[in-house]
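Heads up, the thing below is written out as structure tokens.
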């Protein structure tokens, strides 16, 4: 598991070598666990403020240290998301290549991802996005060379 995570960081801009199912899914598991721990820490540090806001009480200077901790934890999470953004996309690209798919299939997914932000909350685009994510899931669980055309 940790070997796959190290490999993720070593190959963060490598578009030539394929990524196996194990590499892809071990990274996904570790990333999910890191995100879950981060979420629980944010929830724990911000709960005091949420309760005060719900009760209609003011946040006082006594709350400042915990507020600083909350902001620092949020910034750490943001930095992690930014640090893993491009490597996650290259990992997915390498996974697509490992299954034998043409790079254009990956391009369709990237274009749909970008269109989500440009077009807002279009219900038809959301439906396409859901279908594409199902297709990506199927692709990422497919074995090496599953879609390779024999010549």
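In the numbering used here, the protein residues as written are 5 to 155.
Don't be surprised by glycine CBs; every beta carbon is placed ideally from N, CA and C.
The structure presented is a predicted model; accordingly, all values stated were derived computationally and were not measured.
Which residues in the same chain have their Cβ closer than 8 Å to the Cβ of residue i, if we skip the five residues on either side of it in sequence?
i           : result
residue 62  : 56
residue 119 : 129
residue 21  : 15 and 98
residue 114 : 93
residue 52  : 67 and 70
residue 154 : none
residue 157 : With the chain represented from 5 up to 155, any question about residue 157 goes unanswered, as that position is not in the structure.
Tell me the rounded alpha-carbon separation between residue i and residue j.
i           : j           : result
residue 17  : residue 80  : 22 Å
residue 15  : residue 132 : 30 Å
residue 46  : residue 124 : 28 Å
residue 103 : residue 82  : 32 Å
residue 29  : residue 5   : 9 Å
residue 69  : residue 91  : 34 Å
residue 58  : residue 151 : 53 Å
residue 143 : residue 66  : 52 Å
residue 31  : residue 88  : 11 Å
residue 101 : residue 108 : 10 Å
residue 167 : residue 84  : The structure shown does not extend to residue 167, since the chain is modelled only from 5 to 155, so the question has no answer here.
Can you name the start and end residues of the alpha helix (DSSP H) that residue i belongs to?
i           : result
residue 88  : 68-102
residue 11  : 6-14
residue 27  : 25-59
residue 131 : 127-145
Within 10 angstroms of its Cβ, does residue i collect 16 or more other Cβ (buried), or is it exposed?
i          : result
residue 4  : Residue 4 is absent from the model: the chain starts at 5 and stops at 155.
residue 8  : buried
residue 11 : buried
Verify the contact flag: residue i, CB atom, against every heavy atom of the ligand PLP, threshold strictly below 6 Å.
i          : result
residue 33 : Absence of the ligand PLP from the depicted structure is noted, as is the absence of any ligand whatsoever, leaving it without description.
task: Count the CB pairs spanning the segment 146-153 and the segment 19-26 that are closer than 8 Å, and state whether there are at least three.
output: yes
- prompt: Can we say the segment 72-88 touches the segment 33-45, given the rule of at least three CB pairs closer than 8 Å?
  reply: yes
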